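Under full-length UniProt numbering, think of the first position of the sequence shown as 1, with each following residue one higher.
Think of the CB as a built atom: it goes at the ideal place given N, C-alpha and C, for glycine as much as any other residue.
The structure presented is a predicted model; accordingly, all values stated were derived computationally and were not measured.
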Amino acid sequence: MATKVVICDPCSRLNKSTDALKFCTDCDDALCLDCSTAHSALKITISHNVVDVSVLTGRTFNLKKFCNDHEELPLEFFCSDHDSLQCRSCMANTHRACGKILPIDIAAKGIKSSVMFDDICKDISALRKSTNQLLKERRMNKTQVGRSKESILQKIKQFRSDINKHLDKLEKKMSSDLDTKERQLVEKASTDLFEAETRDKHLEHIWEQVNLLTKHGSESQMFILLNEVRSEITKQSTNLQEMILTLETNDIDFEQVDLISAISSMGFVKQTSSPCSVSYQPPKYIQAQIQQIQEKVPTRFEFEKKIDVPKNRISCIAVTDDNILLMCNDMSSHFKDNLIAYTEAGDQVQACTISNRVFGIAIIPHTDEAVVSLTTGKMIQFVKISTMVPGRQLQVTMKDSRMYGIVVIRDTIVVGGSYGNVYFIEKTNGKCLKTVEIGTGIISSLVPFISAKDEVLYCCEYSGNKKVHRLKQDGTFISSCELDNPLGMTLDSKGNIYVACYGRNELHRLSSDCKVDDILLIQSDGIDKPMSVVFNKTFTKLYVSKDGLDKSVLIFSCK
Numbered sequence: 001m002a003t004k005v006v007i008c009d010p011c012s013r014l015n016k017s018t019d020a021l022k023f024c025t026d027c028d029d030a031l032c033l034d035c036s037t038a039h040s041a042l043k044i045t046i047s048h049n050v051v052d053v054s055v056l057t058g059r060t061f062n063l064k065k066f067c068n069d070h071e072e073l074p075l076e077f078f079c080s081d082h083d084s085l086q087c088r089s090c091m092a093n094t095h096r097a098c099g100k101i102l103p104i105d106i107a108a109k110g111i112k113s114s115v116m117f118d119d120i121c122k123d124i125s126a127l128r129k130s131t132n133q134l135l136k137e138r139r140m141n142k143t144q145v146g147r148s149k150e151s152i153l154q155k156i157k158q159f160r161s162d163i164n165k166h167l168d169k170l171e172k173k174m175s176s177d178l179d180t181k182e183r184q185l186v187e188k189a190s191t192d193l194f195e196a197e198t199r200d201k202h203l204e205h206i207w208e209q210v211n212l213l214t215k216h217g218s219e220s221q222m223f224i225l226l227n228e229v230r231s232e233i234t235k236q237s238t239n240l241q242e243m244i245l246t247l248e249t250n251d252i253d254f255e256q257v258d259l260i261s262a263i264s265s266m267g268f269v270k271q272t273s274s275p276c277s278v279s280y281q282p283p284k285y286i287q288a289q290i291q292q293i294q295e296k297v298p299t300r301f302e303f304e305k306k307i308d309v310p311k312n313r314i315s316c317i318a319v320t321d322d323n324i325l326l327m328c329n330d331m332s333s334h335f336k337d338n339l340i341a342y343t344e345a346g347d348q349v350q351a352c353t354i355s356n357r358v359f360g361i362a363i364i365p366h367t368d369e370a371v372v373s374l375t376t377g378k379m380i381q382f383v384k385i386s387t388m389v390p391g392r393q394l395q396v397t398m399k400d401s402r403m404y405g406i407v408v409i410r411d412t413i414v415v416g417g418s419y420g421n422v423y424f425i426e427k428t429n430g431k432c433l434k435t436v437e438i439g440t441g442i443i444s445s446l447v448p449f450i451s452a453k454d455e456v457l458y459c460c461e462y463s464g465n466k467k468v469h470r471l472k473q474d475g476t477f478i479s480s481c482e483l484d485n486p487l488g489m490t491l492d493s494k495g496n497i498y499v500a501c502y503g504r505n506e507l508h509r510l511s512s513d514c515k516v517d518d519i520l521l522i523q524s525d526g527i528d529k530p531m532s533v534v535f536n537k538t539f540t541k542l543y544v545s546k547d548g549l550d551k552s553v554l555i556f557s558c559k
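Below is the structure:
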């Protein structure tokens, strides 16, 4: 097959037709000999990455170069505070207060020998390896179903030979059942195989991009690509884990019956299943977030100990991936040490002062940052978790006078206002993307539930209608139920809702559809004006803060 001729791009723009010998990956131009010589002589292009045009023959070189928000502007900077690539407009308008912004060329130095590069290459390799195993396993499963069909047909015929022709009709029915089951399983195996092949092609494309830039790209290009694919690798890793957990190796079998006592049937075609045999070890940064979770719903709670908070109270608690408790002290004198970090055993490790009254706190997933709602000033405070150092403040556009509950869903911060409104806020600039009116009172707590099949946002309306509301994550109302001053809430591993009812000194458990209501803990268990409730990451401990005579945090063991 003849090699495809590549035409020089600069010459083509001058209405000339010259064969290209080189390719500049920075300019995305094919170059003839003369243009390549001029290209390497000019100061502005002397540092560009030029390779033989044969290197790219039959391959695509798609690299994101322009800003998503400002499509006409190229990506030139990297913001370390937000771990994101920026154009000049983004830098000037939304990242002006950020502490460390570097040109991409500077930030990219040494990227090909960095831990980030090594980790992503290993992650891609691990994903490809497990996906290839999945392809092989699905093909084998598909073949095995066909083989099992043939084997079962032989068993049926052998069994049929021992009885008279009266069973011809039953044999046809059995064969029909078998065909139906085999067709269903083959269709399912084909669907699984198609999904695996699609995933494999996508990962192969990512790998080719990384491999290509490893050999022939510049460090800036590699840095851009790695930042671009990192979230995709996380998504692929999570999806692959979920896919493997839900897949089954299906087969069919035949059970014969005693025809003397049951002549109406020759047996049954049944599906046999076993867990998918593919093994997959998620990347380090994802694996660190996966812990052994108690899957059963707790039936009782045993008091362990309490954490004393003298002359103060804890309005909200958030738990990090390594089970550090971040507590908002909304009554601290002069705001001193109004954000406190404790171990899961109840020992204080750090504290910091935020110069405003705090109320709610939420952790930004997969980062070392948390966001805190400030009840006055319509502000959100960012905090670095590992050092407990306050970062930037985000001014929020909202019509409610005060801000209470807060949660982070992907790139959006969701906050509850003082007049029954829920606000969806852009995490970078504080712009209000959407306002949803769900009641008339304080929205004191927000908790999302995200699964492969459903995405729900639960909201506590402490005053006003005094309800727990259930919304879709686009803000569409689903349902609600009434409780007495529901103030704080959390979810267990099954999606049940645990609500601290401030007015009745009770801890309630609602089903995920807010219909079933059980009272788990009452005042005699120490529940005195409960405010915040949260599980640790393994669902073995429950923490309840209270605002009664003894303003403390109670620790319960989940049984």
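For a test of the three-state rule: what should DSSP assign to residue i, helix, strand or coil?
i: residue 227; result: helix
i: residue 286; result: Its pLDDT being 48, under 50, residue 286 is placed unreliably in this model, and the coordinates cannot settle the point.
i: residue 267; result: strand
i: residue 222; result: helix
i: residue 366; result: coil
i: residue 13; result: helix
i: residue 43; result: coil
i: residue 71; result: coil
i: residue 250; result: strand
i: residue 314; result: strand
i: residue 300; result: coil
i: residue 516; result: coil
i: residue 329; result: strand
i: residue 412; result: strand
i: residue 278; result: coil
i: residue 34; result: helix
i: residue 55; result: helix
i: residue 374; result: strand
i: residue 425; result: strand
i: residue 355; result: coil
i: residue 245; result: helix
Considering only the alpha carbon of each residue, which of the options lies closest to residue i?
i: residue 502; options: 309, 486, 491, 545; result: 486
i: residue 417; options: 298, 429, 397; result: 397
i: residue 492; options: 549, 297, 339, 553; result: 297
i: residue 548; options: 369, 504, 443; result: 504
i: residue 68; options: 321, 88, 54; result: 88
i: residue 98; options: 20, 429, 379; result: 429
i: residue 528; options: 506, 95, 323; result: 506
i: residue 357; options: 134, 345, 330; result: 330
i: residue 49; options: 30, 245, 317, 419; result: 30
i: residue 24; options: 40, 149, 308; result: 40
i: residue 120; options: 209, 33, 468, 386; result: 209
i: residue 247; options: 159, 275, 91; result: 275
i: residue 202; options: 191, 232, 176; result: 232
From which residue to which residue does the beta strand (DSSP E) around residue i run?
i: residue 545; result: 541-546
i: residue 92; result: Here residue 92 belongs to no beta strand (DSSP E); instead the alpha helix (DSSP H) covers 88-93.
i: residue 509; result: 506-510
i: residue 444; result: 443-450
i: residue 382; result: 379-384
i: residue 341; result: 339-342
i: residue 524; result: Residue 524 -> no beta strand (DSSP E), and no H or E assigned at all.
i: residue 77; result: 77-79
i: residue 8; result: First-last for residue 8: undefined, no H or E at that position.
i: residue 391; result: 389-395
i: residue 309; result: It is not in any beta strand (DSSP E) - residue 309 carries neither H nor E in the DSSP assignment.
i: residue 351; result: 348-352
i: residue 554; result: 552-558
i: residue 24; result: 22-24
i: residue 398; result: Per DSSP, residue 398 belongs to no beta strand (DSSP E) and is neither H nor E.
What are the boundary residues of the alpha helix (DSSP H) that residue i is part of?
i: residue 130; result: 115-160
i: residue 201; result: 168-216
i: residue 105; result: 104-107
On the DSSP bridge assignment, give the partners of residue i in chain order.
i: residue 403; result: 417
i: residue 255; result: 268
i: residue 66; result: 74
i: residue 437; result: 421
i: residue 101; result: 79
i: residue 535; result: 542
i: residue 29; result: 24
i: residue 85; result: 78
Task: Length-filtered (4 minimum) alpha helix (DSSP H) runs lying within the segment 457-501 - done: Within the segment 457-501, complete alpha helix (DSSP H) segments of at least 4 residues are not found at all.
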